[in-house]
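Student: First, the structure itself, so that you have it in front of you.
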Amino acid sequence: MADVASLSPGAEALRREAAGPSGPKPRHVLSRRNIFLYGTLIVVALYYLLPLYVMIVTSLKGMPEIRLGNIFSPPMEITFEPWVKAWATACTGLNCDGLSRGFWNSVRITVPSVLLSIAIASVNGYALANWRFKGADTFFIILIVGAFIPYQVMIYPIVIILREIGIYGSLTGLVLAVGVAFVQFWPDWTMIVLVACVFFVGQFIEGNILQPRLVGKSVGLHPVWLMFALFAFGALFGFVGLLIAVPASAAIAVLVRFAIARYLESPLYKGHATG
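Quick note on our numbering: the sequence shown kicks off at 4 and runs consecutively.
Written as structure tokens, this is what we have:
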């Protein structure tokens with residue numbers, strides 16, 4: 004009977020309680036390593052949160068209190084007037100109707116695009132997670148790495164693609180840009196006109212400044228000389244003149260440089276005659 008009693012669950016529990024806790028010894032939470040680690044993290048977090056604190060605290064102060072220069076002190080009298088002014092009457096660019104218009108424009112554009120992106124990404128993610136094809140791991144690594152590529156790296160291929168399909172630098176691009184401006188800024192004609200002006204100014208700079216400079220560097224010509232050659236050959240020979248302007252002007256420049264070099268080495272320039 005004693006053996007049966009010793010095997011009962013109650014006796015086993017009493018024996019474990021009398022023996023004390025078992026298992027590995029718990030680590031001390033307040034060890035030197037943890038104190039140093041979490042202390043460093045708290046200091047770094049406070050350092051990065053300091054600008055946010057200054058911005059919020061300053062926005063809740065009146066102008067007389069801001070002029071005192073105590074940027075770290077809490078406001079003596081909290082006021083939300085700067086928030087109201089920034090929302091309703093602050094000037095952003097050419098408009099003085101506050102941040103409300105830009106905020107709601109961003110909401111109308113961002114919320115549908117984010118929802119659509121989440122819906123498409125969820126379907127694609129579910130399919131890719133359950134479809135284990137050959138090379139899936141490599142494909143997933145490429146996707147993850149591609150997500151961290153800066154957007155600026157993608158601008159050049161996008162421009163090349165738009166140019167190849169006939170949208171970049173054409174009337175189609177202007178129509179698309181102004182159409183998007185109509186959808187986003189209507190009935191603000193100022194912003195719509197500015198979008199069109201940006202398109203025309205970009206075309207002017209690209210066609211009359213950047214292109215002559217880049218082409219001039221590649222053939223060793225000054226941009227002014229290249230522009231003069233384009234105008235001159237175009238006026239003399241029309242469209243064919245525009246095609247031959249760059250190689251012809253480069254050939255003329257080579258001949259001129261050769262003639263100048265020979266002249267600088269000649270006795271006529273050096274001031275003495277040959278024997």
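The C-beta atom is built at its ideal place from N, Cα and C for all residues, glycine as well.
Under three-state DSSP, which class holds Asp-100?
Tutor: Reduced to three states, the DSSP call for Asp-100 is coil.
Student: I'd like the span of the alpha helix (DSSP H) that includes Pro-54, first residue to last.
Tutor: Here the alpha helix (DSSP H) through Pro-54 covers 35-62.
Student: What distance in whole Å lies between the Cβ atoms of Met-79 and Glu-68, which are believed to be in contact at a cut-off of 8 Å?
Tutor: Indeed they touch by this definition, with Cβ atoms about 6 Å apart.
Student: Run through DSSP, which three-state label would Leu-71 get?
Tutor: It is coil, neither helix nor strand.
Student: If you measure between the beta carbons of Ser-62 and Pro-85, is that distance less than 8 Å?
Tutor: Contact: yes.
Student: What is the C-beta distance between Phe-236 and Ala-251, in whole angstroms, given that I count them as a contact (C-beta under 8 Å)?
Tutor: Between Ala-251 and Phe-236 the Cβ distance is about 7 Å, and since that is below 8 Å, they are a contact.
Student: Establish whether the CB of Met-157 and some CB of chain C are separated by less than 8 Å.
Tutor: Structure shown: chain C not included; a single protein chain is present.
Student: Can you tell me where the alpha helix (DSSP H) with Ile-144 in it begins and where it stops?
Tutor: Per DSSP, Ile-144 belongs to the alpha helix (DSSP H) from 139-150.
Student: Counting C-beta neighbours from all protein chains within 10 Å, is the total for Lys-64 16 or more, i.e. buried, or is it exposed?
Tutor: Buried, since its Cβ has 16 or more Cβ neighbours within 10 Å.
Student: Please classify Ala-132: is it buried, with 16 or more other beta-carbons within 10 angstroms of its beta-carbon, or exposed?
Tutor: The residue is exposed, with fewer than 16 neighbouring Cβ atoms inside 10 Å.
Student: Taking all protein chains shown into account, decide if Ile-195 is buried (16 or more other Cβ within 10 angstroms of its Cβ) or exposed.
Tutor: So Ile-195 counts as buried.
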